[in-house]
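According to the working numbering, the sequence shown holds residues 146 to 524 in order. Built from N, CA and C at the ideal position, the CB exists for glycine as well.
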Amino acid sequence: MTASVATIATATALANFDLTGFVLSFLGGHDHVFAAVNKEILSLYQGQNGGAALTSREAACTSIARLLWARDCGLEWDEHLMAAAAKMGCLDTLRFLLSEGVAWDEETMFQAAQHGHLAVVEWAYANGCEASEDVCAAAAAAGHLHVLQALRAHGCAWDEEVCLEAATHNHLDVLQWAREQGAPWTAQVAAFAARGGHLALLQWASEAGCAWDTSCCALAADAGQLEVLEWAHEAGCPWDDWTCTLAARNDHLEVLKFARAHGCPWSEQTAKEAAKYGHTELLEWAVEHGCPHSQEGLAVDDATRAALVWARARACPWYVGLGDGGDRDILLWAVKRGYPAALLAEQLGTSEVAGNGAENGAGNGAAEEPAAAAPVVEA
Numbered sequence: 146m147t148a149s150v151a152t153i154a155t156a157t158a159l160a161n162f163d164l165t166g167f168v169l170s171f172l173g174g175h176d177h178v179f180a181a182v183n184k185e186i187l188s189l190y191q192g193q194n195g196g197a198a199l200t201s202r203e204a205a206c207t208s209i210a211r212l213l214w215a216r217d218c219g220l221e222w223d224e225h226l227m228a229a230a231a232k233m234g235c236l237d238t239l240r241f242l243l244s245e246g247v248a249w250d251e252e253t254m255f256q257a258a259q260h261g262h263l264a265v266v267e268w269a270y271a272n273g274c275e276a277s278e279d280v281c282a283a284a285a286a287a288g289h290l291h292v293l294q295a296l297r298a299h300g301c302a303w304d305e306e307v308c309l310e311a312a313t314h315n316h317l318d319v320l321q322w323a324r325e326q327g328a329p330w331t332a333q334v335a336a337f338a339a340r341g342g343h344l345a346l347l348q349w350a351s352e353a354g355c356a357w358d359t360s361c362c363a364l365a366a367d368a369g370q371l372e373v374l375e376w377a378h379e380a381g382c383p384w385d386d387w388t389c390t391l392a393a394r395n396d397h398l399e400v401l402k403f404a405r406a407h408g409c410p411w412s413e414q415t416a417k418e419a420a421k422y423g424h425t426e427l428l429e430w431a432v433e434h435g436c437p438h439s440q441e442g443l444a445v446d447d448a449t450r451a452a453l454v455w456a457r458a459r460a461c462p463w464y465v466g467l468g469d470g471g472d473r474d475i476l477l478w479a480v481k482r483g484y485p486a487a488l489l490a491e492q493l494g495t496s497e498v499a500g501n502g503a504e505n506g507a508g509n510g511a512a513e514e515p516a517a518a519a520p521v522v523e524a
């Protein structure tokens, strides 16, 4: 019996597992059904993708033959399949599915716009597919100016999300065209450009008259965008204590130093955020430079272990803030290191802490605050 050409080809491929695996890697991780040529090939494919047995709708949309075979394997033909075909830019598949009476909705247009498939957008519009402001925003977010222009030419509505998405993703050309065409914008455009570090876009927006408010500096500080913050402050953008608070939350010490050196206000929340997220170097600098902080000390239920160790080494008291109850592990850790278990149980309304405290020889409520101790690194 003479071996078939397919059998010989398969045997040849399997003789070089590295080469075959390399070729199969181009299928991606969601082509399981279509990789099942035989057990050997399927095994290689699964090895490339962690053993996952997944087949995406997108994989079925790349040809009519695949689509029909996938239906026989149980794939449902519905609006989700239409959206998947639009995402892949498979216009022939879309035409076929629509001729078969498969339903579609706005997600079809959204996926086509988001992935820059102009031909699909044009065809879908011509065949009555729905589209709303979200579709224009999707095109703007992805930087597909040609698609946005086509959508507007067809009369698709838009709103302030178009400019916001363009600014968020640093698509200056999209923002400029949208503004030329009268798209609305708000102060969020400046704020989200600042957070993303998109200085050139922010500068253009400012010169073009975009409003800004304290959220611009606050979000720049939140993301550690020092250059943006420096420029915005020099250009007259207002700020408030949230600039320092968000810098502290995310451990941006240089940002905090700049803000304070230029007169930005801060509050107790600045120190609280540093303690909550365990940024002890920043916390130390802030306290040393006069940052307001609670005279009660640090809330056991709203600080990290590192911050509590830092506070204890400086004779800074602990207390229970009674916020959301805190992390149970942190609370039990605090009891083991001297916080009165009975008092903590009473404040939190539970016997769990008291029981654990007694088992570990912790305090019994005789003292409300632990004594100061030498710096210790504990985990």
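**Euclidean distance between Cα positions of Ala234 and Ala204** = Your numbering for residue 234 matches position 89 in the sequence shown. Your numbering for residue 204 matches position 59 in the sequence shown. Note that residue 234 is Gly in the sequence shown here, rather than Ala. So the alpha carbons of these two residues sit roughly 12 Å apart.
**Asked** In three-state DSSP terms, what is Gly341?
**Response** Within the sequence shown, residue 341 is the residue found at index 196, counting from 1. Three-state result, Gly341: helix.
**Request:** Over the uninterrupted alpha helix (DSSP H) stretch that includes Asp318, give me the two end residues.
**Result:** Start at 1 with the first residue of the sequence shown, and residue 318 comes out as number 173. Per DSSP, the unbroken alpha helix (DSSP H) holding Asp318 starts and ends at 317–325.
**Asked** Quick one: what's got a C-beta closer than 6 Å to Ala282's C-beta in the same chain, skipping five residues either side?
**Response** If you number the sequence shown from 1, residue 282 lands on position 137. Excluding the 5 residues flanking it on each side, Ala282 has same chain C-beta neighbours closer than 6 Å at Glu306, Val307, Glu310, in chain order.
**Prompt:** Skipping 5 residues on each side, what residues in its chain have a beta carbon closer than 6 Å to that of Ala363?
**Reply:** In the sequence shown, residue 363 corresponds to position 218, counting from 1. Taking Ala363 as the centre and dropping the five residues before and after it, the same chain places the C-beta of Trp387, Thr388, Leu391 closer than 6 Å to its C-beta, in chain order.
**Asked** Mapping DSSP to helix, strand and coil, what is Ala353?
**Response** Taking the sequence shown and counting its residues from 1, one reaches residue 353 at position 208. In the structure shown, the three-state DSSP call for Ala353 is coil.
**Asked** Ser244: which of Gln259, Met227, Glu251, Phe255 sits nearest, CA to CA?
**Response** Looking up residue 244 in the sequence shown gives position 99. For Ser244, the nearest C-alpha among the options comes from Met227.
**Residue range of the alpha helix (DSSP H) that includes His225** = Here the question's residue 225 lines up with position 80 in the sequence shown. If you look at His225, you'll find it in the alpha helix (DSSP H) that goes 224–233.
**Gly288 versus His316 - alpha carbon distance** = Taking the sequence shown and counting its residues from 1, one reaches residue 288 at position 143. Taking the sequence shown and counting its residues from 1, one reaches residue 316 at position 171. Inter-residue distance for Gly288 and His316 is about 6 Å (C-alpha atoms, whole angstroms).
**Message:** Less than 7 Å between C-beta atoms, sequence neighbours within five positions excluded: which residues of the same chain meet that for Leu293?
**Reply:** Taking the first residue of the sequence shown as 1, we reach residue 293 at position 148. Excluding residues within five positions, the ones whose Cβ falls inside 7 Å are Cys281, Ala284, Ala285, Val319.
**Request:** Leaving aside the five residues before and after Leu374 along the sequence, list all residues of the same chain whose C-beta is less than 8 Å from its C-beta, in chain order.
**Result:** Along the sequence shown, one-based indexing puts residue 374 at 229. Its chain contains Ala339, Cys362, Ala365, Ala366, Thr388, Val400, Phe403, Ala404 as the residues whose beta carbon lies nearer than 8 Å to that of Leu374, once the 5 sequence neighbours on both sides are disregarded; these appear in chain order.
**Item:** Option nearest His291 by Cα separation, candidates Trp268, Leu346, His262
**Value:** In the sequence shown, the residue the question calls residue 291 occupies position 146. The candidate whose alpha carbon is nearest that of His291 is His262.
**Request:** Compute the Euclidean distance between the alpha carbons of Pro329 and Gln259, then round it to the nearest angstrom.
**Result:** For the purposes of this step, residue 329 is taken as the residue at position 184 of the sequence shown. For the purposes of this step, residue 259 is taken as the residue at position 114 of the sequence shown. One C-alpha to the other measures close to 20 Å.
**Item:** Helix, strand or coil at Tyr270 according to DSSP, with G and I counted as helix
**Value:** The residue labelled residue 270 in the question sits at position 125 within the sequence shown. Look at Tyr270 here: in three-state DSSP terms it is helix.
**Message:** Taking the beta carbon of Cys218 as the centre, do at least 16 other beta carbons fall within 10 Å, making it buried, or is it exposed?
**Reply:** Mapped onto the sequence shown, residue 218 falls at position 73. Around the beta carbon of Cys218, a 10 Å sphere encloses fewer than 16 other beta carbons of the protein chains shown; the residue is thus reported as exposed.
**Prompt:** If Thr359 and Asp385 are in contact, beta carbons under 8 Å, what's the gap, nearest whole angstrom?
**Reply:** As a working mapping, residue 359 is identified with position 214 in the sequence shown. As a working mapping, residue 385 is identified with position 240 in the sequence shown. In this structure Thr359 touches Asp385 by the C-beta definition: roughly 5 Å separates them, less than 8 Å.
**Asked** Could you give the distance in angstroms between the alpha-carbon of Thr331 and the alpha-carbon of Asp279?
**Response** To locate residue 331, count along the sequence shown from 1; it is residue 186. To locate residue 279, count along the sequence shown from 1; it is residue 134. So the two alpha carbons sit approximately 17 Å from each other.
**Exposure label - Glu372; buried when at least 16 CB within 10 Å** = Translated into positions along the sequence shown, residue 372 becomes position 227. Looking at its Cβ environment, which holds fewer than 16 other Cβ atoms inside 10 Å, Glu372 is exposed.
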